[in-house]
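Sequential numbering from -15 applies to the sequence shown in this note's numbering. Working notes, structure below.
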Amino acid sequence: MSLSQPGFGARLAEAYRAYGQLCVGIDPHPGLLTAWGLNDDAAGLREFGRRIITAAAGRAAAVKPQVAFFESCGLGGMAALADIIAEAKQAGLLVIADAKRGDIGSTMAAYAEAWLNPQNDFGADALTVSPYLGFGSLAPAVEAAQRYRGGLFVLALTSNPEGQQVQLARREQEVAPGASSASTVAGHIASQVQQINTARPAPDGAAVGETAVGETALGDIGLVVGATTAPLASSSGIDLTAGRPALLAPGYGAQGATAAQLRSGFGSAWPQVLVNSSRAILEQGPEVADLIRAIEASQAELR
-15 MSLSQPGFGA RLAEAYRAYG QLCVGIDPHP GLLTAWGLND DAAGLREFGR RIITAAAGRA
45 AAVKPQVAFF ESCGLGGMAA LADIIAEAKQ AGLLVIADAK RGDIGSTMAA YAEAWLNPQN
105 DFGADALTVS PYLGFGSLAP AVEAAQRYRG GLFVLALTSN PEGQQVQLAR REQEVAPGAS
165 SASTVAGHIA SQVQQINTAR PAPDGAAVGE TAVGETALGD IGLVVGATTA PLASSSGIDL
225 TAGRPALLAP GYGAQGATAA QLRSGFGSAW PQVLVNSSRA ILEQGPEVAD LIRAIEASQA
285 ELR
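In structure tokens form, the structure reads like this:
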């Protein structure tokens, strides 16, 4: 890692221009491993990941390993994950570690170091994090992302229905006039991300997220907004374009959201969206050629 390299937002913007807005999930569900003729062990996980990387390289912007499936296989599973992250980066893919880490103080700093330091075994380009111990608890992760030119995707409006109980809860604190987006928990999270992306410079003095997708810029600190819950942002007064966060959108394909629904739901924020597809693509395996066809079909629909 060089401090002269662009930040995550800039790298993601470049990947959008080159490969489109698709992210392929690496989710080795035990049932999928069985369907692919692979064992639910380190060797099976490694082979599963390698086939997806082969299919996605040069065709998708990013891959997103779901960390839990590797953790469940113990030391061997985590060793397989380290290999997959390294191989994906070597293949030119951005890697988002879907670990949803959230803690405070030195513990959060240790999580960020583990997942964002490119010299570490699990060093990814970006990490999913949870702000529900208070957004300020993410400060060590934000600092690590800036130090290592990495990115964060902060859980905001997730696709699970029960998430709305917390995410759309009204905040008791007085909200300044015109700041309606901060009146809900998710709106407050979005406003905090906006402040980081617009106010904090990258280490070399360049603007955070400098490099455009079309006429827009992407910040290094992004949000997770489900493909099926994106309309809740506008109906709740949340401006997803403020600060130009990258928007990681799970829920396309097998979970029901179509490309047309994505474009409509995200509206003017659509150019910021990284669309994740997992099952809809992975169920077409195990042959790499079939995975490639599924990726290309998704890309065509998203364009």
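We put the CB at the ideal spot given by N, CA and C, even for glycine.
With a cut-off of 8 Å on the beta carbons, I'd call residue i and residue j a contact; round off their distance for me.
| i | j | result |
| --- | --- | --- |
| residue 105 | residue 135 | Going by Cβ atoms, the distance from residue 105 to residue 135 rounds to 19 Å, so no, they are not a contact pair. |
| residue 177 | residue 255 | Rounded, the Cβ-Cβ distance is 17 Å, inconsistent with contact. |
| residue 34 | residue 71 | 7 Å |
| residue 275 | residue 283 | The pair is not a contact, with the Cβ atoms about 13 Å apart (cut-off 8 Å). |
| residue 309 | residue 211 | Beyond the ends of the chain as shown, which are -15 and 287, falls residue 309; an answer cannot be given. |
| residue 279 | residue 26 | No, residue 279 and residue 26 are not in contact; Cβ-Cβ is about 25 Å, not under 8 Å. |
| residue 139 | residue 114 | 5 Å |
Tell me the DSSP secondary structure of residue i in three-state form.
| i | result |
| --- | --- |
| residue -8 | helix |
| residue 142 | coil |
| residue 225 | coil |
| residue 162 | Because residue 162 sits at a pLDDT of 46, beneath the cut-off of 50, its placement in the model cannot be relied upon, and the point is left open. |
| residue 154 | strand |
| residue 38 | helix |
| residue 298 | With the chain covering only -15 through 287, there is no way to say anything about residue 298. |
| residue 181 | helix |
| residue 91 | helix |
| residue 275 | helix |
| residue 106 | coil |
| residue 268 | coil |
| residue 0 | helix |
| residue 117 | coil |
| residue 96 | helix |
| residue 22 | coil |
| residue 292 | Missing from the structure shown is residue 292; the chain here goes from -15 to 287 and no further. |
| residue 30 | helix |
| residue 247 | helix |
Tell me residue i's beta-bridge partners as DSSP assigns them.
| i | result |
| --- | --- |
| residue 205 | 136 |
| residue 7 | 46 and 260 |
| residue 241 | 236 |
| residue 168 | 154 |
Starting from residue i, trace the beta strand (DSSP E) in both directions and tell me its first and last residue.
| i | result |
| --- | --- |
| residue 78 | 78 to 85 |
| residue 233 | 229 to 233 |
Which first and last residues belong to the alpha helix (DSSP H) in which residue i is found?
| i | result |
| --- | --- |
| residue 110 | No alpha helix (DSSP H) contains residue 110, which is instead part of the beta strand (DSSP E) from 110 to 113. |
| residue 219 | 215 to 219 |
| residue 291 | This structure gives no information on residue 291, because the portion of the chain shown stretches from -15 to 287. |
| residue 55 | 51 to 55 |
| residue 18 | 14 to 19 |
| residue 123 | 123 to 131 |
Tell me whether residue i is buried or exposed, calling it buried when 16 or more other Cβ atoms sit within 10 Å of its Cβ.
| i | result |
| --- | --- |
| residue 90 | exposed |
| residue 103 | exposed |
| residue 207 | buried |
| residue -11 | exposed |
| residue 124 | buried |
| residue 248 | exposed |
| residue 181 | buried |
| residue 16 | buried |
| residue 61 | buried |
| residue 117 | exposed |
| residue 126 | buried |
| residue 145 | exposed |
| residue 213 | buried |
| residue 219 | exposed |
| residue 190 | Its pLDDT being 45, under 50, residue 190 is placed unreliably by the model, and nothing is read from it. |
| residue 142 | buried |
| residue 112 | buried |
| residue 150 | exposed |
| residue -8 | buried |
| residue 59 | exposed |
| residue 168 | buried |
| residue 28 | buried |
Comparing the CB of residue i with every heavy atom of the ligand MN, is any distance shorter than 6 Å?
| i | result |
| --- | --- |
| residue 6 | Of ligands this structure carries none, so the ligand MN is not represented either. |
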